[in-house]
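Chemist: Its first residue numbered 142, the sequence shown is counted upward by one per residue in my numbering. Think of the CB as a built atom: it goes at the ideal place given N, C-alpha and C, for glycine as much as any other residue. Here the structure is a predicted model, which is why all the values come from computation and not from measurement. Dumping the structure here so I can ask a few things about it.
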Amino acid sequence: MLQVFIPSLMRKLTNDKHIVEINASSITELINKLDKEYPGMKQQLTEGNLIKDGLSVVINDEISNNPLLEHLEDGFEIHFVPTIGGGTF
């Protein structure tokens, strides 16, 4: 099982659960299963076939540069977090 940490603004879709457990081998499969169990999640997480702009996927404490291609294994922790923008000098 994967542990998926749900952002606070999306918890209304999971009945206030901040962690849900799901079996999936990819982020795409994970999002589809989340949406099946908690309708509306896919719309919150994706735009077309991509992760929404302004949202990052953290897999086991590392921000993924291409999360839709990442292979997931049992016991992984997944976080969907707002992207932190940087300034210019």
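Quick one: which unbroken beta strand (DSSP E) runs of 3-plus residues sit fully inside the region 146-216? Chain order, please.
Modeler: You should have 160-163, 196-200.
Chemist: Can you find the residues in the same chain that come closer than 6 Å, C-beta to C-beta, to LEU154, ignoring five residues on each side of it along the sequence?
Modeler: TYR179, GLY181, MET182.
Chemist: Quick one: grab the DSSP three-state call for ILE219.
Modeler: Of the three classes helix, strand and coil, the one that applies to ILE219 here is strand, per DSSP.
Chemist: For the candidate residues THR169, ILE204, VAL199, ILE200, whose alpha-carbon lies nearest to that of THR187?
Modeler: Closest option to THR187, Cα to Cα, is THR169.
Chemist: Alpha carbon to alpha carbon, how far is PHE221 from VAL198? Give it in angstroms, no decimals.
Modeler: Each residue's alpha carbon lies about 5 Å from the other.
Chemist: Taking the alpha carbon of PRO223 as the reference point, which residue from ILE172, GLN185, VAL161 has its own alpha carbon closest?
Modeler: Here the closest residue by C-alpha is GLN185.
Chemist: Let's test the definition: count the other Cβ atoms within 10 Å of the Cβ of LEU175 and tell me whether it reaches 16, buried, or not, exposed.
Modeler: Classification of LEU175: buried, given that the 10 Å Cβ count is 16 or more.
Chemist: Smallest Cα separation from SER167: which of LEU143, ILE225, GLU211, MET151?
Modeler: Checking every option, the nearest Cα to that of SER167 belongs to GLU211.
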